[in-house]
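Undergrad: Here it is, the structure in full.
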Amino acid sequence: MGFGVSELLILLIIVALLFGTKKLRNMGGDLGSAVKSFRSAIKDPEEKESLNEAADKSTNGKVIEGKVEPQNEDASKS
């Protein structure tokens with residue numbers, strides 16, 4: 221009890237009439253870009269780690285209870 225080619229073709233025509241071909245094309249493009257970004261995120265875990273390390277190095281102080289405290293002693297004297 222599966223779908224044959226003729227049933228799938230009729231279903232595709234009904235969906236195209238309901239949503240319109242332009243909207244279906246946009247949905248397909250959005251789905252394709254989502255899959256592409258998902259694959260690239262899974263493929264490059266090393267790149268994500270290097271971005272996290274760069275973000276850690278770029279911070280100048282630590283935030284404690286809403287106050288910024290400098291990491292080195294030179295910044296606290298000025």
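Mapping to the numbering used here: the sequence shown position 13 is 233, numbers consecutive.
Positions of the beta carbon are idealized from the N, C-alpha and C atoms, including for glycine.
Predicted, not measured: the structure shown is a model, and the values here were computed from it.
Work out the CA separation of L251 and D264 for me, nearest whole Å.
TA: If you number the sequence shown from 1, residue 264 lands on position 44. If you number the sequence shown from 1, residue 251 lands on position 31. Each residue's Cα considered, the two are about 20 Å apart.
Undergrad: For the alpha helix (DSSP H) containing D250, name the first residue and the last one.
TA: Here residue 250 refers to the residue found at position 30 when the sequence shown is read from its first residue. First-last of the alpha helix (DSSP H) with D250: T241 to K263.
Undergrad: Is the beta carbon of A236 less than 8 Å from the beta carbon of L244?
TA: For the purposes of this step, residue 236 is taken as the residue at position 16 of the sequence shown. For the purposes of this step, residue 244 is taken as the residue at position 24 of the sequence shown. Yes, the pair counts as a contact, with Cβ atoms nearer than the cut-off.
Undergrad: What does a CB cutoff of less than 8 Å around G240 pick up in its chain, not counting 5 residues either side in sequence?
TA: Here residue 240 corresponds to residue number 20 of the sequence shown, with the count starting at 1. Cβ neighbours of G240 beyond the five flanking positions: none.
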